[in-house]
Structure formats: structure tokens, C-alpha cells
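K.L.:
According to the working numbering, the residues represented by the sequence shown are 874 to 1128, in order.
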Amino acid sequence: MKLKDKAVLITGSGSGLGREMGLLFAVEGARVGINDIRPEAAQNVTTEIQRAGGVATAFVADVASSAAVKQMFSDFLAAYGTIDVLINNAGIARTRQSDQQVLLATTDLTDDDWHKMLATHLDATFYCTREALKTMIPASRGRIINIGSIAGTAGLPFASHYCAAKGGIISFTKSVALEVAKHGILVNAIAPGFIETPMTALLTAEAREWVIRSTPAGRLGQPRDIAAAALYLASDDSSFMVGQVVSPNGGWTTA
Ligand code: NAP
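(1) Please determine, among His-994, Arg-924 and Pro-1030, the residue with the shortest C-alpha to C-alpha distance to Phe-1045.
(2) Thinking Ile-1010 and Val-1049 are a contact (beta carbons under 8 Å), I'd like their distance in whole angstroms, please.
(3) Would you tell me roughly how many angstroms separate the C-alpha atoms of Ile-1068 and Val-1119, rounded to the nearest one?
(4) Apart from the five residues on each side of it in sequence, which residues of its chain come closer than 6 Å, Cβ to Cβ, to Thr-1026?
(5) At a cut of 8 Å, does the segment 1089-1104 reach the segment 1003-1017 through at least three beta carbon pairs?
(6) If we call anything under 8 Å between Cβ atoms a contact, is Gly-887 one with Asn-917?
(7) Assuming Leu-1076 and Arg-967 are in contact, meaning their beta carbons sit under 8 Å apart, how far apart are those beta carbons, in whole angstroms?
(8) Taking the alpha helix (DSSP H) that Asp-935 belongs to, which residues open and close that run?
(9) Residues bridged to Leu-976 by DSSP?
(10) Could you tell me if Ser-1112 is buried or exposed, where buried requires 16 or more neighbouring beta carbons within 10 angstroms of its beta carbon?
(11) By DSSP, does Val-1119 sit in helix, in strand, or in coil?
(12) Just to confirm, does Leu-890 get its C-beta within under 7 Å of one of the non-hydrogen atoms of the ligand NAP?
(13) Identify whether Leu-1104 lies in helix, strand or coil by the three-state DSSP scheme.
(14) Using three-state DSSP, classify Ala-992 as helix, strand or coil.
(15) With a Cβ-Cβ cutoff of 8 Å, do Thr-884 and Ala-997 count as a contact?
(16) Would you check whether the ligand NAP has a heavy atom nearer than 7 Å to the C-beta of Phe-1067?
(17) By how many angstroms is the C-alpha of Asp-878 removed from the C-alpha of Gly-954?
(18) With DSSP collapsed to three states, give me the class of Ala-915.
(19) Can you tell me whether Met-945 is buried or exposed, with buried defined as 16 or more other CB within 10 angstroms of its CB?
(20) Can you check which of these residues, Met-874, Cys-1036 and Arg-904, is closest to Val-975 by C-alpha distance?
(21) For the ligand NAP, is there a heavy atom less than 7 Å away from the beta-carbon of Ala-963?
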């Protein structure tokens, strides 16, 4: 087992990539914290892990709220006593509940669209990282894995708020990594290409075809591809990785 007894908190793990990481990490012996904004989603994944013989607890919180994040960490530490690995994964592709449209021209973005996207991805990554470091620095160990995107490395058209948030996460990762490496804390990012999850189920048939054409592997990736990269970055196998961006993306290079 690569993560025996490690206390791992995964944000937004009631679905998609986070859920897959939770399932895999529990099999590897971790005690997993399943955070989600939706109580039912967090509880379902927690139950799924427990039924498979793993250790998991649900932590319902909106990670875009500084106060909610502080409370979540207090609850997590009360349950598990420490935090060894934090995965900042929670995210959204669209900012308007009533509007299924994911792609928006920059001129059509409202202030609310912009702030909601930045808050959910970038503010949340900062809030959770700040809380985790308060425990990891005195312990002189820890791993933080931030979920970026090819949107943050190559850019994507009609998603400038999402790309800005993901680009910010990647720069934040590099800075914090340099700051805390001397404490034995390794901070890295994963920049997935397009992966089959409920988030990409929102793509129109036309957008999906464009993604497949633009991906040399000729398909979307699977959540397992990202969970495997996260396991590597969380385990002793990656002890010399500092401030890196690992990008399982099927060969995607274009914007
Ligand atoms: P997903 O299936 O929609 O899962 C994301 C989860 O995060 C959802 O359960 C979502 O709840 C939750 N969430 C949203 N806002 C939250 C908040 N403020 N606090 C707590 N939880 C919150 O999406 P996914 O594809 O697994 O994406 C996971 C991460 O990977 C995201 O950061 C995404 O940007 C990134 N990513 C995904 C892809 C891809 O192709 N799938 C590619 C690159 C990067 P709701 O369902 O209620 O919103």
C-alpha cells in the first residue's frame, strides 16, 4: 500500500476526478476526507469507499468560502488528527445554473461569472492550502496537489475566466512549492486534458468532436488516468518533485 494510514483531504470529491482519487487512495490505505458542496454527493462517495472496506468521512463545505474552509479543516483534524495530503480539486465549468452553455465569449462574461469562477478554483485553492500548511509546516511533511488544466497551460477559447483561474492555480503552485520545500512539503499540480466526467458531459456534440480531433490520442481520458498521477504525487515515489505540472492530456498541445 502506497498511502497506508495517510490522512488525505480531497475537495470536490463527490464526483468525477475527485471521486476516482478517493476510491484509489482508500485502496492504497489512506484515510480519506470526501469534501463536496453537495451533501448527497459527499455522502455517496463516502459510503462507496466504506462499503469497499476503506476509511472515509464526508466533509460538506463550499471551499470558495474562507470561513467554511476553516471549519472543514477543524472538523478534518478532529476526525483524523493530522493532514498528510491535500488535493485541491473542486471546480466548475459553468457559472450560470440555469444556462447549460459552457463556452462564453469574454465580452459576454458578467462580473458574477468572473468572480464565481475565480472564487471556486483559485480562492478555494488558496484557502485550503493556507489551512493545510498550518499543520504541515510544524509536522515538517506534507503533499499538496492542485488540479489545474490544459486550459491553464495552453488556453482554451471562450473560457477565459476558467483559463485565468487554472493559470493562476499553476503559478500559485510554483510559488508555494518554492516557499515550503524546505519544510519537507511538496506542492505540485496536475493539468489534465479532457477527461470523461460529469463536467465534460456538458460539452455539446460539436465541442466533443473538436476535443477528439484536437487530442492526438483520439479520445478523452478516463478519471483513472488522473487518479494515477495524483497517487504518484502523493506517494514516496515522487519525493524529488517540487512545483511541477504533470499533464496527462493525450498529446494535447494546441489552444
Ligand atoms: P465534476 O465531476 O463536476 O466534479 C467536481 C465536483 O466539485 C462536483 O461534485 C462539484 O459539485 C464540486 N464543487 C463545485 N464547487 C464546489 C465548491 N465551491 N466547494 C466544494 N465542492 C465544489 O468535475 P471533474 O471533471 O471531476 O473536475 C474536477 C477538477 O478537475 C476541476 O477542478 C476541473 O476544473 C478539473 N479538470 C477537469 C477536466 C475534465 O476534463 N473533466 C480537465 C481539466 C481539469 P457540483 O456538481 O454541485 O458543481
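For glycine and all other residues, C-beta sits at the position ideal for the given N, C-alpha and C.
P.N.:
The answer reads as follows:
(1) Here residue 1045 refers to the residue found at position 172 when the sequence shown is read from its first residue. Minimum Cα distance to Phe-1045 is reached at His-994.
(2) Indexing the sequence shown from 1 puts residue 1010 at position 137. Indexing the sequence shown from 1 puts residue 1049 at position 176. 11 Å between Cβ atoms; not a contact.
(3) Position 195 of the sequence shown, counting from 1, holds the residue named residue 1068. Position 246 of the sequence shown, counting from 1, holds the residue named residue 1119. For Ile-1068 and Val-1119, the distance between alpha carbons rounds to 15 Å.
(4) Position 153 of the sequence shown, counted from the start, is the residue given in the question as residue 1026. These residues qualify, in order along the chain: Ala-1064.
(5) no
(6) Here residue 887 corresponds to residue number 14 of the sequence shown, with the count starting at 1. Here residue 917 corresponds to residue number 44 of the sequence shown, with the count starting at 1. Contact: yes.
(7) Mapped onto the sequence shown, residue 1076 falls at position 203. Mapped onto the sequence shown, residue 967 falls at position 94. Not really, about 11 Å apart at Cβ, beyond 8 Å.
(8) In the sequence shown, residue 935 corresponds to position 62, counting from 1. Note, Asp-935: premise wrong, no alpha helix (DSSP H); not H, not E.
(9) By 1-based counting over the sequence shown, the position of residue 976 is 103. Beta-bridge pairing links Leu-976 to no other residue.
(10) Here residue 1112 corresponds to residue number 239 of the sequence shown, with the count starting at 1. Looking at its Cβ environment, which holds fewer than 16 other Cβ atoms inside 10 Å, Ser-1112 is exposed.
(11) Translated into positions along the sequence shown, residue 1119 becomes position 246. In this structure, Val-1119 counts as strand in the three-state DSSP scheme.
(12) For this step, residue 890 is matched to residue 17 along the sequence shown. Yes, the beta carbon of Leu-890 sits closer than 7 Å to at least one heavy atom of the ligand NAP.
(13) Residue mapping note: residue 1104 aligns to position 231 of the sequence shown, counting from 1. Of the three classes helix, strand and coil, the one that applies to Leu-1104 here is helix, per DSSP.
(14) In the sequence shown, residue 992 corresponds to position 119, counting from 1. Reduced to three states, the DSSP call for Ala-992 is helix.
(15) To locate residue 884, count along the sequence shown from 1; it is residue 11. To locate residue 997, count along the sequence shown from 1; it is residue 124. For Thr-884 and Ala-997, yes; Cβs fall inside 8 Å.
(16) Mapped onto the sequence shown, residue 1067 falls at position 194. Yes - the ligand NAP has a heavy atom lying nearer than 7 Å to the Cβ of Phe-1067.
(17) By one-based count along the sequence shown, residue 954 stands at place 81. By one-based count along the sequence shown, residue 878 stands at place 5. Taking the straight line from one Cα to the other gives about 11 Å.
(18) Taking the first residue of the sequence shown as 1, we reach residue 915 at position 42. It is helical.
(19) Reading the sequence shown from its first residue, position 72 is the one you call residue 945. Answer is buried; the Cβ neighbour count reaches 16.
(20) If you number the sequence shown from 1, residue 975 lands on position 102. Out of Met-874, Cys-1036 and Arg-904, Cys-1036 has the C-alpha closest to the C-alpha of Val-975.
(21) Numbered from 1 along the sequence shown, position 90 holds the residue referred to as residue 963. Checking every heavy atom of the ligand NAP against the Cβ of Ala-963, one is found closer than 7 Å.
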